Structure formats: C-alpha cells, structure tokens
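Scroll down for the structure; my scribbles are underneath it.
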Amino acid sequence: MSQDIPRIGRPFVRPDAASKAAGAEKYAADHYGEGLLWAGAKRAGVAHGRIRAVDIGAAAALPGVVAVLTGRDVPGTNRQGIVHKDQPVLCDDVVRHCGDPVALVLAEDRLVLRKALDLIRLGIEPLPGVFGIDEALLPDAPLVHEGSPNGNILLQAALRKGDAEAALRSSPVVVEGIFEVPFISHAFLETENGVAWQEADGRLVLVVSTQAPFRDRWEIGHALGIPMDRIRIIGPYLGGGFGGKDGATVQCLLALAALHAGGRPVKMWWPREESFLAGYKRHAARMHYRIGASENGELQALDCRLSYDTGAYAHLGGEVMALGMEHASGPYRIPHTRIEGVCVYTNNPIGGAMRGFGVAQVSFAVERMMDRMAARLGIDPLALRRKNALEQGDTNGCCVRLTQSTGIRACLETLQKHPLWRGREAWKAAAGPFKKRGVGMAALWNAMGYGRGLPDSAIAKVELTREGAIRVYNGVSDMGQGNTSALFQIAGEILRQPETRIEGVQPDTERTYPSGSAAAGRTTYTYGNALIQACEELRRRILGWAALMLFADTLDDLELLPERVRYAKAKKEVSLRDIAAMMRDEARVCISQFIMPVAADAPDTGKEFVIGFPHLLFSHAAHLALVEVDELTGAVEVKRYLAATEAGRVLNPQTFEQQVEGAVAQGIGYALSEAVRLEKGRILTPDFATYIIPGALDVPEIVSIAVEAPEATGPFGLKGVGEVGMNGPLPAIANAVSDACGIEPNHAPLTGEKVLALIQGKGAASHAE
Amino acid sequence: MEIRFVLNGKETQVSTAPDRRVVDLLREDLGLTGTKEGCGSGECGACAVLVNGESRLSCLMLAAQLDGKALTTIEGAPEDGRLQALQEAFVRCGAVQCGFCSPGMIIAAADLLGARPDTGREAIREGLSGNLCRCTGYAKIVDAVQAAFEKLQGGPTP
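Protein sequences appear in the order of chains A and B.
My numbering applies: residue 1 is where the first sequence begins, and numbers increase by one.
My numbering applies: residue 770 is where the second sequence begins, and numbers increase by one.
Written out as structure tokens, the structure reads:
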C-alpha cells in the first residue's frame, strides 16, 4: 500500500498483489470452517443413458457419511442454466454426458467421501449417443434432449448483408477453406469450489469461486426453490476464471448439500480430474469459408457456415455462436456477407463461455483465409488487411455501423513499423539446420458487453467511512483480471485519496449491488462508469458538507485533498474524518447505476438472436508471430511475439500488459497443444500430464504495444482488453507455420505430429481441404 | 504419529496420521492456506514448499516425511530474505494476477536462486518450468525473479 494517490493512466501496483504473493489472500478454496463437512458428486461415467437405479445403500451406511442425495431430493425445479434451464442439478432420468452428476454425498472427511462415492452403484442403461456435429444433424440421430422439437439443434441462425452469392460469382478471386478447432479447457489453477452453510434462521450463505455472484443466487433459487433473499453469495478473489466460472459449477450442489448439513459448513472442491470432466469448455467448431475479392484486393463477399458443438446442455451455446457469427467477417469491410450458424447438442462435455467467447474460433478461420487470399493475389498479407480494415463510420459484416472508436488500422500500422515486421526476411533466412522459420500475422477484434436484449448494467456503491476513508463496494468478481486496481484508480483520481485511504469490498450479495458477471470484456467498462458517477456524487457531497463546516460560500473555493478539504482563501481545513462524523450513515454512501449503450440501429438480420446481438463497442489488435518449425519432428516453437492492441485508453499500463501477455499465452496453448481429446464422449485428457497448457519455456518474450484510441463512452476512455488478445495466436501462428513450410494448417492444435504429417504430405487429404 | 519439524523457523510438533498429505496438514490442520493445491498430482507446482531449503511438492509428500526437517511455506517469508525479496519483486513487476500460482512460483524461484543463481532468462524459465501459471504468460514472473536476484546480490547475503 502506498501513500500515493492512484491516478488514471499511470502505472499502479494492483492492491491485491501483496496479499496474494504473501499467501495471505483468502480465496474461496481457503475457506474451511468449524465442523466442516465435505461434499462430492457421483458422476455418470456414461455419455448417454437412462437411469434405472441408483443404489446408495452401502454408501449411506458407511460411518462418517452424513447424507447421500439423488435427484429426488432436489426441492425445486432441479434445473439450472443461464439462458435455457435444461441442466439438472442431479440427474433424475437421463444422463447426457460423462460428467453429469447423479448423486451427492456429504461426509465427515474427504477419505470417507471418496469411499462413499465409490460405493454408489449406478444402474444406467446406455443409450446411443451423438459425439460430433455431423452425427448430431443426421435425420435419425439419437436425441440428446428427448422430445426436442428441433432435434439436436440448439440454435440455427443466419446473418445477411447484400447478396453474397452473386458477389462471389462476380469476384475474380475466390478462396475456400474448412477449419476445425477442438474443445479446450480453461485450466484455471483454482478448480471449481466453494463452502456453504445454513444460518440459524435458515438462510443459505455461500463463499464460492464465481464470476457471477448475483446470477448464482438466481440459479440456486430457481433450481432449489428458495427465495433469492434467503441466499447470500460471497465472491472473493478467484484463482482464475476465463469464463469457466461464469455459470453454476458447484453452486446448486453445494446449496443442496448445505440444506442437509444441519447448519455445519460444507465444502466442495473439484479435484483437477473432475474439473476436466465436469467443467465447462470452449466450444469445438467447424467453419467453412469462402471469400471473394477483386483483383486489387478489395474484399467483395463472404459466405460461411459455422457449426458449434455445445455438448450436453445449452449453457451459453447460442450466445457463443452469436458472437462467432458477429465476428465471422473479421475486422474488415465486406459489402456482401452470408453467415450461417448452427449450434448442436451432443453427448460431449458442456461448452460454455471462455475468453474470446465464440470469437477465438472464427478468428482462426477468417485470418487464415486472409493469408490465403493474399497469397492468391500476390499481395503482402499486411497490405491486404490494411486495405480492407474497418474504420469508424463503416458498416461491419453484420450490418452494424461502427460509430465508436475503431482502431484496427492503427494497430496494423503499428505492427508494420515495428522492427520485428521490418526485419522478418532476414530473421527467416537465419534459420539453423533442419529448421524452417516463418512469420504470420492476424488482425483481431472482440466485442464488449452483453449486446442487445440483456442490459449490461452495473451499480456502484462508494462510501466515505466513519474513519474518513473511501470504500468501494465492487459488485463484479475479480478473477485475476485486475478490475479492483482500476476501481482504486478511479476512486483515487476523482476523490484524491492515497491508496492507504481506499478500501475495496469484493462481491457479496448483501454488501454490494448487482453489477453483472465478470465477462464479455465489460467488467471495468461498466462498473467503472457507474463508479465514476458515484464518486463524483460523493465528491460533491463531501465538499458540500465541508462548505458548511468551513463557512465557504461556494464549492468552487474548496479543494479535496488527502484526508481533508482545504478552503484556501480562509486558510482553513477540515478532515474527512470530521466531515464523516457530521454525516448520517445514509449520507456517507453514494450509489449509481450505469447501463452500457447499444447499437442505435438494430440491423435487419440476425433476428434469431433474442439476446447478445449485436454489439456497439469493439477492441482491436494486430498480432505478429515468429515461429521456428523443426523439420524432423514438426514441433513448432514460437520465438517472438508482438501484440499491438487498441482498447480505448489505458488506465494502468501494467494491468494492460498483464492482460495482453496472459491472453497471448493462452492463445499459444490453443494454437499448439491444447485439446480436450474425446472418445465417444469420454475425456482422454483428464490431467495436466495429458492436457498440455503452456509452461514457462513455451511462451516467448511478448512485445505489447498499446495503441490508444480513447472511447468516448468509456470510463476515462477505456474499453475492455481482456479478450481480444486470446484470438490472435492461433491464426498468427498457423499463418507463420504456413509461411515457414508451405503447408495449410487448418486444424487446431498444431501439434508436432500434425505439422510433420502435413510437411510430409501425409494426411493432406484430411488436414487440408 | 507425533511429528517434529521446524515450521517457518519455529519448532513444531503435530499429531497426525503418517500418511496425511503435507498440503492437507498445512492448509487444514495448521491453517496455512498460502500453500495452494492446483492438481493434487505433482503437475502444476502450486503447492510447492521448501524442505531443508529445497522446493518440494506438498501434494506428493506425506506427513511422516517431515519428521526432523525444516519446512518453509510462503507464510515464512518475513524470516526468509530470498522469499521476501521475491514477494516484493513479484508485486512490483506485475507478476501476480489471479495469484493462485504465486506462492508456489515464489517458492520454486527461491530454490532456483539458492541452488544455481543463473539469472539468464532462459535459465529462470527452465527453473520455473514445473510451475504452471494460467494468467501471466510468465514474462513478468521472469522479470520479478531477475529483479529479486539483483536486489539480493546488492544487499546482504540472505
């Protein structure tokens, strides 16, 4: 904690760093409690089947087992889900993926818990399953959800602009490609967990690792039939989230457990294997693209079909697809588009939100297509992107006019001036024996906020404490992205107090106000705007009370300073503590709501999307990857990486870089090693030995350059920076590998095996189209 | 069984099952939740502690193995110059985001600085390659380890 006033635009050491580095910060996982019980779920282990019997006798009789619960014991609807309530808390008739929970055990300790889970005998009659997009769409495919009127289709939609088919016919150059990406896992270090208990008056309290504490209350209330005001959610700092804790994980199970714990606290903490098995995933997708251009490289038309595998339940599948479709045309001016999408149920793990929500998939496809188009036209790939880059005032590929800051061209120009780009030919030529070097780029965008149909709202609360300090009640989870530090900066900037006089309260449904999820690149934008309003009101109020105490005729003569207000003309001061002592409790608190603006003219397309389409605000980036491919093994090594990012104005250069570097590292995993491997719905990669995320040797030095383009509606000009960086590495690295080896790597991840096969020309039929 | 060991500089005696995992002993019995668990199978490094000055994974270690040893957890930093310098550098250099890997990462870095103080970035990356971080992209962690080393070199021997 420093005596400096946190200021906008200056490096500011995040206030949570010291307690985290000291091991003192209490995450949800660090909460235990007196008389603690442990809860765990018995998982189906079968991808699709009808529950005939659940034999809990032996488990229930085991000493140390407090309760064994099944679907019959769930008091409410037994259904959860953010948009569609189709996911059981405990399956009562059918299991739809291997990780579906069938029974819940409460035990005195973890050893007993494990034994009891092993003793539960599941009688599940297997049903035929569907494990891929094509299978799911066959006319006689088994239905994942019986009686569903649309078969296995969760959502099907189309976006149209102009006449794509005619424009493709008249385009002199057309390129076509099919791209595939697998399910991937968030792999946060702190797996899904929480502690819950029932207060003496029956109210439920949960301390949980969650990105959406207020929505959790609603999910639990719906699934278990409990009034929302009887549920309190406390959301401490998370050990990572990335979208995977946006939606109920342990929440409803834990709440149910607490109802049977006799007031004792119950802890549920998914082991890593359970997190891989039951946790949400980034959707697997297949993307079929055709792009047409004129001979001088002006894009004319895009026609694409996107297919997403949402797994067993809807979760956010339709909304993920909507974002994918919205971004399918890339940050480019394309006069004619036809973008079709289908999102299907399968008996695979559940697809959900993940950083670059639906966009990371299509960025791969469209950016590979841009390189292929550049090669066909004999144009430099950067020049082709610059030529077609969207500008403020343009209309994007789904008919939305871009009225806000649009910095993609500036990002591309920054990249073009950089020595890594200018020196690329010499760098490539210096490859050693049996190595090939290549350079690849990607132009990126990512929408911010929930989009139309779901108000993107935050309600900020700020208090002048009795001690004269400033306390910010943050309603949006900090999963590591550092929004708390931005809130300190905003409060410091407006209220001029040093860091030591600012306190932060993390989300708690009884202390903070509903402010939406930590998601969609919206956290600091939406809450920050609300906080600016609340802080300005508090500032006026402090000065107003000070005027009374200092006999000042006008607030203009007063200056808010650290711990005091000065009336310079009269050479008098009053402390914030004395001002606070004068105020009644309600006067010391300011509350203000902000709702993100939406696109003024809703496009006449994409009517299938009830919520989440379209968006008004986008962040942008241009990425450059320099890779070396081992000709003998096919192994790809990323040697250098450049990210030029436009996310409005930078509030804190250090947290901005953290977001960019971290997103690039995750993107490198998506590009080179990460895949949830499945065999008939069973996960073959249940641990970090088989699901490979990048380690310290796999991520190169990353050059991050901020390309500032202040956003008029943003808090101090900011837009969200958390997501856009995730979208770049896969296409940039694939383009670089293509550049190095003259191959078409169109299936992620680009493992050594796959790249070697492409180099050797084997498997060409299955890997290139 | 009775186990005697030195915990963060203090003589400590606990009565526990000999096969209790050290990570559980620390977190649940002794309330030292700074040591994190990320995988339970030795793959992520989040649970690293110093045993006689060397980095060990507390999820793979049993209580009986502690007998007669000196154990330092992240909470022992105030008495350990290396740990303290690393903590300060992690904070200043922006090496902490969600922070769940930070204690284990700092322990691993302390071992690295003690065992073979090669401060080249590649050597540091190699030394930390057993610790997974999902937030940072590692560069700022390497920055922090380098900065801590420089500070320790300039100051009194830890």
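Glycine included, each C-beta is placed from N, C-alpha and C at the ideal position.
What you are looking at is a predicted structure, and each value in this text was computed from that prediction instead of being measured.
Residue i classed as buried or exposed, judged by whether at least 16 other C-beta atoms fall within 10 angstroms
i, result
"serine 2 (chain A)", "exposed"
"lysine 805 (chain B)", "buried"
"threonine 645 (chain A)", "buried"
"serine 784 (chain B)", "exposed"
"glutamine 300 (chain A)", "buried"
"leucine 795 (chain B)", "buried"
"glutamate 192 (chain A)", "buried"
"aspartate 140 (chain A)", "exposed"
"arginine 409 (chain A)", "buried"
"asparagine 388 (chain A)", "buried"
"arginine 52 (chain A)", "exposed"
"phenylalanine 594 (chain A)", "buried"
"glutamate 780 (chain B)", "exposed"
"aspartate 30 (chain A)", "buried"
"leucine 632 (chain A)", "exposed"
"asparagine 150 (chain A)", "exposed"
"glutamate 769 (chain A)", "For glutamate 769 (chain A), the pLDDT reaches just 37, beneath the cut-off of 50, and the residue's location in the model is therefore unreliable, leaving the point undetermined."
"methionine 770 (chain B)", "exposed"
"asparagine 777 (chain B)", "buried"
"glutamine 856 (chain B)", "buried"
"aspartate 229 (chain A)", "exposed"
Best match in the options for proximity to residue i [C-alpha to C-alpha]
i, options, result
"tyrosine 308 (chain A)", "A:Gly667, A:Leu137 and A:Pro700", "A:Leu137"
"alanine 322 (chain A)", "A:Gln416, A:Phe688, A:Glu559 and A:Ala447", "A:Ala447"
"alanine 581 (chain A)", "A:Gly244, A:Thr465, A:Leu758 and A:Gly71", "A:Thr465"
"cysteine 411 (chain A)", "A:Ala21, A:Ala491 and A:Ser619", "A:Ser619"
"alanine 166 (chain A)", "A:Ala442, A:Ala293 and A:Leu256", "A:Ala293"
"alanine 786 (chain B)", "B:Gln853, B:Gly778, B:Ala832 and B:Thr802", "B:Ala832"
"aspartate 630 (chain A)", "A:Pro335, A:Pro265, A:Lys435 and A:Ala547", "A:Lys435"
"glycine 451 (chain A)", "A:Cys741, A:Phe609 and A:Arg577", "A:Phe609"
"alanine 383 (chain A)", "A:Ser457, A:Leu750, A:Trp421 and A:Glu674", "A:Trp421"
"serine 575 (chain A)", "A:Arg584, A:Met583, A:Lys569 and A:Val565", "A:Val565"
"leucine 672 (chain A)", "A:Ile693, A:Asp604, A:Gln593 and A:Pro63", "A:Ile693"
"glycine 883 (chain B)", "B:Gly906, B:Pro872, B:Leu921 and B:Thr905", "B:Leu921"
"glycine 49 (chain A)", "A:Cys741, A:Ala284, A:Glu536 and A:Leu122", "A:Leu122"
"cysteine 808 (chain B)", "A:Leu37, A:Gly147 and A:Glu190", "A:Glu190"
"histidine 336 (chain A)", "A:Gly318, A:Tyr641, A:Asp163 and A:Leu651", "A:Asp163"
"proline 126 (chain A)", "A:Val266, A:Val95, A:Leu454 and A:Arg110", "A:Val95"
"histidine 84 (chain A)", "A:Arg368, A:Glu219 and A:Ala60", "A:Glu219"
"methionine 479 (chain A)", "A:Ser457, A:Arg496, A:Thr523 and A:Arg501", "A:Thr523"
DSSP beta-bridge partners of residue i
i, result
"proline 88 (chain A)", "A:Arg79"
"asparagine 193 (chain A)", "A:Trp269"
"glutamine 782 (chain B)", "B:Arg773"
"methionine 287 (chain A)", "A:Phe179 and A:Leu306"
"arginine 121 (chain A)", "A:Asp55"
"glutamine 198 (chain A)", "A:Leu204"
"tyrosine 567 (chain A)", "A:Leu558 and A:Lys572"
"threonine 484 (chain A)", "According to DSSP, threonine 484 (chain A) bridges with nothing at all."
"proline 126 (chain A)", "A:Gly49"
"isoleucine 668 (chain A)", "Partner(s): none; isoleucine 668 (chain A) has no beta bridge."
Interface partners of residue i on chain E, CB under 7 Å
i, result
"leucine 238 (chain A)", "The displayed structure is made up of protein chains A and B, and chain E is not among them."
Residue i beta carbon near the ligand SAM (any heavy atom closer than 7 Å)
i, result
"phenylalanine 214 (chain A)", "Summarising the ligand content, the structure contains no ligands, and the ligand SAM is consequently not present."
Legend entry - beta strand (DSSP E) segments (min. 3 residues) lying fully within the stretch 292–325 of chain A: 299–311
Inset, instruction - Determine which residues of the stretch 258–280 of chain A have a Cβ less than 7 Å from any Cβ of chain B, and write them out in chain order. - result: Pro271 and Arg272
Legend entry - Where the stretch 11–37 of chain A meets chain B: residues whose CB sits under 9 Å from a CB there: Pro11, Val13, Arg14, Asp16, Ala17, Ala18, Ser19, Lys20, Ala21, Ala22, Gly23, Ala24, Glu25, Lys26, Tyr27, Ala29, Asp30, His31, Tyr32 and Leu36
Legend entry - Members of the stretch 688–699 of chain A near chain B, C-beta cut-off 7 Å: Phe688, Ala689, Ile693, Gly695, Ala696, Leu697 and Val699
Inset, instruction - Taking a Cβ distance cut-off of 8 Å, strictly less, list which residues of the stretch 812–834 of chain B are near chain A, in chain order. - result: Glu812, Cys813 and Ala815
Inset, instruction - Closer than 7 Å, Cβ to Cβ, to anything on chain B: give me those residues from the stretch 183–202 of chain A, in chain order. - result: Ala187, Phe188, Leu189 and Glu190
Legend entry - Sequence ranges, alpha helix (DSSP H) only - wholly within the stretch 490–557 of chain A, length at least 4: 523–550
Inset, instruction - Could you run through the stretch 849–862 of chain B and flag, in chain order, every residue whose CB is less than 7 Å away from some CB of chain A? - result: Gln856, Phe859, Val860 and Arg861
Inset, instruction - Note down, in chain order, all residues in the stretch 885–901 of chain B with a beta-carbon under 9 Å from any beta-carbon belonging to chain A. - result: Arg890, Glu891, Ile893, Arg894, Glu895, Gly896, Leu897, Ser898, Gly899, Asn900 and Leu901
Inset, instruction - Check each residue of the stretch 327–357 of chain A: if its Cβ is closer than 8 Å to any Cβ of chain B, include it; give the result in chain order. - result: none
Inset, instruction - Please name the residues in the stretch 906–918 of chain B whose beta-carbon is closer than 8 Å to at least one beta-carbon of chain A, in chain order. - result: Gly906, Tyr907, Ala908, Lys909, Ile910 and Val911
Inset, instruction - Mind listing, in chain order, the continuous alpha helix (DSSP H) runs of no fewer than 4 residues lying wholly within the stretch 133–167 of chain A? - result: 133–137
Inset, instruction - Pick out the complete beta strand (DSSP E) segments inside the stretch 874–923 of chain B, 3 residues or longer, and give them in chain order. - result: none
Inset, instruction - Mind checking the stretch 699–724 of chain A against chain B and listing, in chain order, the residues whose C-beta falls within less than 7 Å of any C-beta there? - result: Val699, Glu701 and Ile702
Inset, instruction - Jot down the residue ranges of each uninterrupted beta strand (DSSP E) in the stretch 628–699 of chain A, minimum 3 residues, whole runs only, in chain order. - result: 636–646
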